[in-house]
Structures are given as C-alpha cells and as structure tokens.
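Contents: one structure, followed by commentary.
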Amino acid sequence: MLAIAQLSAKRLRLPRSWSYRLHDAQRIHSITTSRLDPTIRDFASSLAAKQPCFSLPSQSVRVLSEPADFYRSLLNIILRARKRIFLSSLYIGSSENELIDTLDLALSRNPDLHVYLTLDYNRSTRPGPSSPILSLLPLLRQYQDRIHISLFRSPKLKGVMAEMVPPRFNEGWGTWHAKIYGADDEVIISGANLNKSYFTDRQDRYFHFSAQPALTNYCFSFLRTISNFSYRLLPSNTTNGHSLEWLNRDIGPWNFQSKAESALKKLQYSNLSASLCSPELKGASGNDVLLFPVIQAGQFNIREEEQSLSLLFEHLNSQRCIESSNPSMDLTSGYFGLYKPYQDLVLNSSIGCDIIAASPKANGFYGSGGLSGLIPEGYTLLEQRFMRAARAAGRISSTGKSLNNDVRLKEWEKDGWTYHAKGIWLSPSPDTTPVLTLFGSTNLNSRSSHLDTELSFIMMTSSEALRHTLRQEVVGLRHWAVPWKGDERKVRWRTKAIVGLVGGML
Numbered sequence: 001m002l003a004i005a006q007l008s009a010k011r012l013r014l015p016r017s018w019s020y021r022l023h024d025a026q027r028i029h030s031i032t033t034s035r036l037d038p039t040i041r042d043f044a045s046s047l048a049a050k051q052p053c054f055s056l057p058s059q060s061v062r063v064l065s066e067p068a069d070f071y072r073s074l075l076n077i078i079l080r081a082r083k084r085i086f087l088s089s090l091y092i093g094s095s096e097n098e099l100i101d102t103l104d105l106a107l108s109r110n111p112d113l114h115v116y117l118t119l120d121y122n123r124s125t126r127p128g129p130s131s132p133i134l135s136l137l138p139l140l141r142q143y144q145d146r147i148h149i150s151l152f153r154s155p156k157l158k159g160v161m162a163e164m165v166p167p168r169f170n171e172g173w174g175t176w177h178a179k180i181y182g183a184d185d186e187v188i189i190s191g192a193n194l195n196k197s198y199f200t201d202r203q204d205r206y207f208h209f210s211a212q213p214a215l216t217n218y219c220f221s222f223l224r225t226i227s228n229f230s231y232r233l234l235p236s237n238t239t240n241g242h243s244l245e246w247l248n249r250d251i252g253p254w255n256f257q258s259k260a261e262s263a264l265k266k267l268q269y270s271n272l273s274a275s276l277c278s279p280e281l282k283g284a285s286g287n288d289v290l291l292f293p294v295i296q297a298g299q300f301n302i303r304e305e306e307q308s309l310s311l312l313f314e315h316l317n318s319q320r321c322i323e324s325s326n327p328s329m330d331l332t333s334g335y336f337g338l339y340k341p342y343q344d345l346v347l348n349s350s351i352g353c354d355i356i357a358a359s360p361k362a363n364g365f366y367g368s369g370g371l372s373g374l375i376p377e378g379y380t381l382l383e384q385r386f387m388r389a390a391r392a393a394g395r396i397s398s399t400g401k402s403l404n405n406d407v408r409l410k411e412w413e414k415d416g417w418t419y420h421a422k423g424i425w426l427s428p429s430p431d432t433t434p435v436l437t438l439f440g441s442t443n444l445n446s447r448s449s450h451l452d453t454e455l456s457f458i459m460m461t462s463s464e465a466l467r468h469t470l471r472q473e474v475v476g477l478r479h480w481a482v483p484w485k486g487d488e489r490k491v492r493w494r495t496k497a498i499v500g501l502v503g504g505m506l
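Read in order, the letters of the sequence shown are residues 1 to 506 in UniProt numbering.
Below is the structure:
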C-alpha cells in the first residue's frame with residue numbers, strides 16, 4: 001500500500017512545512033482504512049490522497065428507502081433548523097405549498113435563520129403560470145434579507161443559439177443537478193428533486209447524515225462557491241414580480257468556466273488539506289465510515305467522478321489477479337445510457353455486474369408529448385447497444401446459464417411509479433454485503449459526465465449494520481426488477497436519428 005504522505009506530496013505538491021502533518025495523516029488514515037474490507041482498502045488509501053474525506057460513525061447515517069420517508073425527513077430537518085437551511089435541487093415544483101409553508105414557518109420562528117436555495121436557472125424559469133420560480137416570490141418578498149436564491153445557468157449555450165433554442169430544450173446544454181438538503185449540522189444527499197412525484201411515487205436513493213458539522217459545512221461551502229457564478233433572484237415591481245441580477249462584476253454569465261474551475265478545485269484542495277491534517281481525525285477510532293465527495297463538472301474540466309471510478313476498477317482488476325477475489329457490483333440508473341468510459345470499465349473487467357434500468361413505463365418522460373415522448377425509446381436504443389457490446393466482449397454467458405462474473409441487465413417497473421435511482425454498490429463477493437456505494441446526483445451517463453454539474457459521494461464502511469442496510473437497499477430495488485425486454489422492442493428510425501443527433505444530451 002502506498003503511503004498517503006508520498007501520494008499527497010507527489011500529486012499535490014504540498015508545502016514542505018506540512019511534512020510533519022502529512023506523516024501524521026499517514027498514521028491517521030492507515031488506522032481508519034485498516035478496518036475496511038481488503039477489497040477496497042488500497043483503493044480507499046489512494047482515493048484519500050486525491051479527494052476530501054470525512055470520517056464518521058455509522059450511527060449517524062440513515063439510509064431511507066421510500067419517497068415519503070425522504071419528504072418527512074426533509075420537512076423535519078427544516079423545522080429543526082436554527083441558523084441555516086440550504087437546499088440544492090434542479091427545481092422546486094410549482095405546487096409544493098407545504099414545503100414553502102414549512103420554510104415560512106421555520107423563518108418566522110427563528111429570526112436568526114437564513115435560507116439558501118440553489119436551483120437551475122432554465123428549469124426554474126420556464127414560462128407560464130406554473131413556472132417554478134413564481135411559488136418562491138411570496139417567501140422572497142417577506143424574508144428578502146434572510147432568503148438567498150441562486151439560479152445557475154450553464155454557460156455552454158450562448159450567443160445566437162441561446163436566443164434561438166426555446167425554453168425546456170435549453171436545458172439540454174447542461175443544468176445544475178446537485179441534490180443537497182441540509183440544515184445546521186445535518187444533511188440529506190439524494191438524487192431526488194423537490195417536486196410532488198419525488199415525494200410520493202418516484203423512486204430514488206436518500207442518505208441522511210446527522211450531527212456532522214464538517215460534512216454539512218463542506219456541502220454549504222460547495223453551494224456558496226457555485227452561487228458566485230449564478231444569478232440572484234430578487235423581488236421587484238415589474239410585471240412578472242421579480243428580477244435576476246448577475247452579481248459577479250469580474251466576469252460575465254457566459255465566460256466564467258475557468259473561474260468556476262479554479263474555485264471548485266480550490267474548494268476540493270482546501271478540504272483535502274483539512275482532511276489530511278485535521279487533528280479531529282486522531283480521535284476517530286470509533287468511526288467506521290469514510291465519505292468522499294466527488295464533483296463531476298465536465299464543462300469546467302472537473303472529472304473527479306470519472307477519475308475515481310477509473311481508480312476503483314484499476315484496484316479491483318489488479319486485486320482480482322493477485323488475490324483471486326470475486327467482487328460483485330450492482331449498478332443502477334433511471335436514465336441508463338452508460339458513459340462510454342464507464343461502459344469500457346465494466347466490459348473490460350471480469351467483475352460480475354447486475355444492472356437495473358428504468359423500464360419505458362418507469363421513465364419520467366413516458367407519455368410526454370412532442371419529441372420528449374421519444375426519450376424512453378431512445379434509452380431502449382442505448383440499452384440495446386450496450387447489450388450488444390456486452391455480448392461482443394464475452395460478458396454475457398453464451399450457454400444461457402448466468403455466471404457470477406456476467407453482466408446482467410434488468411428493468412424496474414412498479415405500477416404507477418417512475419424510477420430515478422442511480423448509483424453503485426460493491427460487495428467483496430456475490431454472497432456478501434456491500435462495502436462501498438456511490439450515491440448522489442449522477443446518472444452515470446454522458447450528460448452527467450459532460451454537461452450537468454454533479455455532486456456525488458463514495459461511501460465505504462466496515463460497519464456490519466450499515467453494510468446490511470445497503471444490502472437491503474439493493475434488495476428493495478431488485479424486488480421490482482424484471483428481466484430486460486429491450487431486445488423485443490422496436491425503435492423507430494426517427495428515434496435513431498434523434499439519438500444520433502443529440503445522444504450525449506440524453
């Protein structure tokens with residue numbers, strides 16, 4: 001195992017004055033990672049040299065399984081808040097009156113409380129009477145000194161194209177996609193947005209962390225960093241009742257890519273330094289969870305998720321050769337069009353991989369009008385291509401009998417529900433419980449990798465109880481999974497043409 005100090009000094013070029021701290025960090029992290037399963041121990045050490053790392057007890061982690069549980073926990077977090085509430089989502093639904101009323105109640109009870117909302121500009125300002133932004137205006141007018149609303153607009157779509165592309169379609173060039181719901185020292189990390197379906201009948205994943213000031217401070221700092229490259233929503237006496245102000249006078253709203261890249265990398269570097277050098281970790285002997293935040297923002301040249309997954313497979317493949325281990329992976333995405341480098345990682349390995357994708361009926365665009373109604377069919381086409389590639393790579397058994405190291409694809413379907421869950425679980429073998437999971441906003445597709453701004457987390461644990469909970473999470477998703485039927489479905493020529501034109505935007 002390479003020493004954390006050696007990796008850090010080589011890759012990060014830390015000042016010489018920190019050498020004694022790096023030595024201490026090596027001892028700290030070796031204690032922490034030594035409890036992990038051998039399957040991921042070396043990977044954890046290597047990742048800790050690249051990414052911020054939070055060490056915490058498994059008792060502070062709750063894995064929620066149902067949309068209703070997520071909604072109740074969200075409202076309770078808001079009502080418990082005393083100093084700050086920070087919510088990050090693609091959008092807040094226009095009819096979420098209870099959520100808005102709960103924010104109102106929390107603000108009225110606590111004069112020191114501030115609320116920070118980070119949302120996507122294009123998704124939140126769709127025109128019409130049901131525009132999501134309109135539901136926020138009464139709250140903004142009443143508490144404008146204590147509610148701070150940032151609207152992020154991707155700089156990818158600019159110039160004449162920005163004027164030509166109509167609303168709704170402009171989201172194809174990138175969105176703010178991070179889903180973070182926190183207050184004071186607790187936070188929920190999810191892939192769910194703040195809309196009724198996500199609270200009732202749209203399946204996702206949800207991780208609630210309590211009494212974790214370092215983690216919540218990180219999440220809050222991440223959102224405040226991106227707010228410097230966003231519009232601020234202000235009340236006004238205009239016809240639509242609001243105005244949008246670009247606050248950063250140093251750069252314009254279309255040319256901030258390099259500044260955003262520097263700011264986000266600085267955030268990660270500062271938290272990496274803190275995680276390596278923090279004396280608090282010295283007393284972390286009772287902690288049995290390591291949590292690594294990874295940012296994927298292709299338009300800002302930040303690809304931490306991509307680099308982390310490449311590192312994971314590198315370790316798994318080398319370990320399998322050396323130790324003859326038999327790791328098993330579960331992978332899911334509601335929009336399964338696996339990013340080509342990720343597809344190569346899966347197909348070029350010999351690790352068994354069970355995949356769950358949304359069935360066409362469980363796709364959020366099923367039954368939509370216009371071109372968006374073709375999206376489920378477009379994902380069927382991407383699934384067909386993946387399965388052909390898996391057969392060509394010898395990753396699907398030709399005997400008809402499934403083997404442990406096969407790639408298997410199933411589709412999730414539950415009457416009246418849609419599917420939005422995404423992530424990865426890794427187990428030392430098919431018969432053991434997961435020791436690692438990736439969760440957050442990423443869909444693991446080309447869009448998440450290149451266009452949207454994502455925040456996800458890699459969590460590793462030695463806790464038997466938490467590992468069992470992660471296993472139950474997988475079992476719960478598998479319960480509604482049936483054999484993939486994509487080979488039986490026909491894809492129309494116009495869908496193929498559209499996917500060929502905009503496939504990376506799906």
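Note that CB positions come from ideal geometry on N, CA and C, so glycine has one too. As the structure is a computational prediction, the values presented were derived from the model and not from experiment.
Handout entry: Contacts around E473, its chain only, beta-carbon distance under 6 Å, and the 5 residues preceding and following it disregarded
Key = Numbered from 1 along the sequence shown, position 473 holds the residue referred to as residue 473. V63, listed in sequence order.
Exercise for the section: Quick one: give me the first and last residue of the alpha helix (DSSP H) that R168 is part of. Expected result: The residue labelled residue 168 in the question sits at position 168 within the sequence shown. Careful: R168 lies outside any alpha helix (DSSP H) and carries neither H nor E.
Practice task
Have a look at R388, D415, D354 and flag the residue whose alpha-carbon is nearest the alpha-carbon of R408.
Solution key: Along the sequence shown, one-based indexing puts residue 408 at 408. If we check each option's Cα against that of R408, D354 comes out closest.
Handout entry: Test item: CB-CB of S60 and Q212 under 7 Å
Key = Counting from 1 along the sequence shown, the entry for residue 60 is found at position 60. Counting from 1 along the sequence shown, the entry for residue 212 is found at position 212. Contact: yes.
Handout entry: Where A389 falls: helix, strand or coil (DSSP)
Key = If you number the sequence shown from 1, residue 389 lands on position 389. Residue state, collapsed to three classes: helix.
Problem - Where W176 falls, given that 16 or more other Cβ within 10 Å makes a residue buried - result: As a first step, residue 176 must be located in the sequence shown, where it is residue number 176. It is buried - the Cβ of W176 has at least 16 other Cβ atoms within 10 Å.
Problem - Euclidean distance between Cα positions of P166 and R123 - result: In the sequence shown, counting from the first residue as 1, residue 166 sits at position 166. In the sequence shown, counting from the first residue as 1, residue 123 sits at position 123. Taking the straight line joining both Cα atoms gives about 12 Å.
Problem - Nearest candidate by alpha-carbon position, reference E377, set R388, N363, M387 - result: What you label residue 377 is simply residue 377 of the sequence shown in a count that begins at 1. If we check each option's Cα against that of E377, N363 comes out closest.
Problem - Extent of the continuous beta strand (DSSP E) run through W246 - result: Translated into positions along the sequence shown, residue 246 becomes position 246. Counting along the chain, the beta strand (DSSP E) containing W246 begins and ends at 242-246.
Problem - Proximity to I351 [Cα-Cα], best of S328, P360, E304, P341 - result: Within the sequence shown, residue 351 is the residue found at index 351, counting from 1. Selected option, being the one with the closest Cα: S328.
Problem - Outcome for V160 when other beta-carbon atoms lying within 10 angstroms are tallied against a minimum of 16 - result: Start at 1 with the first residue of the sequence shown, and residue 160 comes out as number 160. By the 10 Å Cβ count, V160 comes out exposed.
Handout entry: Selected residue, minimal CA-CA separation from K496, among P430, E411, Q384
Key = In the sequence shown, the residue the question calls residue 496 occupies position 496. Of the candidates P430, E411, Q384, the one whose C-alpha sits nearest the C-alpha of K496 is Q384.
Problem - DSSP state of W425 mapped onto helix, strand, coil - result: To locate residue 425, count along the sequence shown from 1; it is residue 425. Three-state DSSP puts W425 in a strand.
Practice task
Could you please give the first and the last residue of the uninterrupted beta strand (DSSP E) stretch that includes C53?
Solution key: Looking up residue 53 in the sequence shown gives position 53. Segment: none, C53 is in no beta strand (DSSP E) and carries neither H nor E.
Handout entry: CB of A389 within 7 Å of CB of T332, strictly
Key = Along the sequence shown, one-based indexing puts residue 389 at 389. Along the sequence shown, one-based indexing puts residue 332 at 332. Not a contact, by the Cβ cut-off of 7 Å.
Exercise for the section: Would you kindly work out how many angstroms separate the C-alpha atoms of V475 and H468, rounded to a whole number? Expected result: Working through the sequence shown from its first residue, we reach residue 475 at position 475. Working through the sequence shown from its first residue, we reach residue 468 at position 468. Rounded to whole angstroms, V475 to H468 spans 10 Å at the Cα level.
Problem - Spatial distance of M505 from E304 (CA atoms) - result: For this step, residue 505 is matched to residue 505 along the sequence shown. For this step, residue 304 is matched to residue 304 along the sequence shown. Going from the Cα of M505 to the Cα of E304 covers about 20 Å.
Exercise for the section: Give the secondary structure of I77 by DSSP, where H, G and I count as helix, E and B as strand, and everything else as coil. Expected result: Residue mapping note: residue 77 aligns to position 77 of the sequence shown, counting from 1. Reduced to three states, the DSSP call for I77 is helix.
Problem - Same chain, Cβ closer than 7 Å to N301, neighbours up to 5 away in sequence not counted - result: Here residue 301 is taken as the residue at index 301 of the sequence shown, counted from 1. Correct list, in chain order: E261.
Problem - Burial state of D415, where buried means 16 or more other Cβ atoms lie within 10 Å - result: Along the sequence shown, one-based indexing puts residue 415 at 415. Of the other Cβ atoms in all chains shown, fewer than 16 fall within 10 Å of the Cβ of D415; this residue is therefore exposed.
Problem - Contact test: M164 Cβ vs the ligand HEM heavy atom, cutoff 6 Å - result: Of the ligands one can find in the structure shown there are none, so the ligand HEM has no counterpart to examine.
Exercise for the section: Classify T453 as helix, strand or coil using the three-state DSSP reduction. Expected result: Looking up residue 453 in the sequence shown gives position 453. Correct three-state label for T453: strand.
Exercise for the section: Just the C-alpha distance for T432 and L426, rounded to the nearest angstrom, thanks. Expected result: Reading the sequence shown from its first residue, position 432 is the one you call residue 432. Reading the sequence shown from its first residue, position 426 is the one you call residue 426. Each residue's Cα considered, the two are about 10 Å apart.
Practice task
Specify the secondary structure class of G159 as computed by DSSP and reduced to three states.
Solution key: If you number the sequence shown from 1, residue 159 lands on position 159. Helix.
Exercise for the section: Sort I226, A481, L444 by Cα distance to G337 and report the nearest one. Expected result: As a position in the sequence shown, residue 337 is number 337, starting the count at 1. Closest by alpha carbon: L444.
Practice task
Within 10 angstroms of the Cβ of K266, are there 16 or more other Cβ atoms? Answer buried if so, exposed if not.
Solution key: Taking the first residue of the sequence shown as 1, we reach residue 266 at position 266. Counting every other CB atom within 10 Å of its CB across the protein chains shown gives K266 a total below 16, marking it as exposed.
Problem - Stretch pair the stretch 129-147 + the stretch 168-186: three plus CB contacts closer than 8 Å - result: no
Exercise for the section: Look at the Cβ atom of L140, then the Cβ atom of P235, and state whether they are nearer than 7 Å. Expected result: Against the sequence shown, residue 140 aligns to sequence position 140. Against the sequence shown, residue 235 aligns to sequence position 235. Closer than 7 Å, so yes.
Exercise for the section: Return the residue from the list E163, R153, S108 that minimises the CA-CA distance to Q142. Expected result: Within the sequence shown, numbered from 1, the residue matching residue 142 stands at position 142. With distances taken between Cα atoms, Q142 lies closest to S108.
Handout entry: Beta-bridge pairing of Q144 - partner residues as DSSP gives them
Key = The residue you call residue 144 lines up with position 144 of the sequence shown. Per DSSP, none; premise fails for Q144.
Handout entry: Three-way DSSP call (helix, strand, coil) for W493 in this model
Key = What you label residue 493 is simply residue 493 of the sequence shown in a count that begins at 1. Reduced to three states, the DSSP call for W493 is helix.
Exercise for the section: Classify S448 as buried or exposed, calling it buried when 16 or more other Cβ atoms lie within 10 Å of its own Cβ. Expected result: Locating residue 448 in the sequence shown gives position 448, counting from the first residue. When all chains shown are included, S448 counts as buried.
Exercise for the section: Output the distance between the C-alpha atoms of Q296 and N228, rounded to the nearest integer angstrom. Expected result: Counting from one through the sequence shown, the residue named residue 296 turns up at place 296. Counting from one through the sequence shown, the residue named residue 228 turns up at place 228. If you take the alpha carbons of Q296 and N228, they lie about 18 Å apart.
Handout entry: Span separating the alpha-carbon of Q51 from that of L272
Key = The count along the sequence shown starts at 1 and reaches residue 51 at position 51. The count along the sequence shown starts at 1 and reaches residue 272 at position 272. Distance from the CA atom of Q51 to the CA atom of L272, rounded to whole angstroms, is 6 Å.
Practice task
For the stretch 95-126, list the beta strand (DSSP E) runs that are entirely contained and at least 3 residues long, ordered along the chain.
Solution key: 114-120
Exercise for the section: In angstroms with no decimal places, state the Cα-to-Cα distance between residue 525 and S221. Expected result: Past the edges of the chain, shown from 1 to 506, lies residue 525, and the structure says nothing about it.
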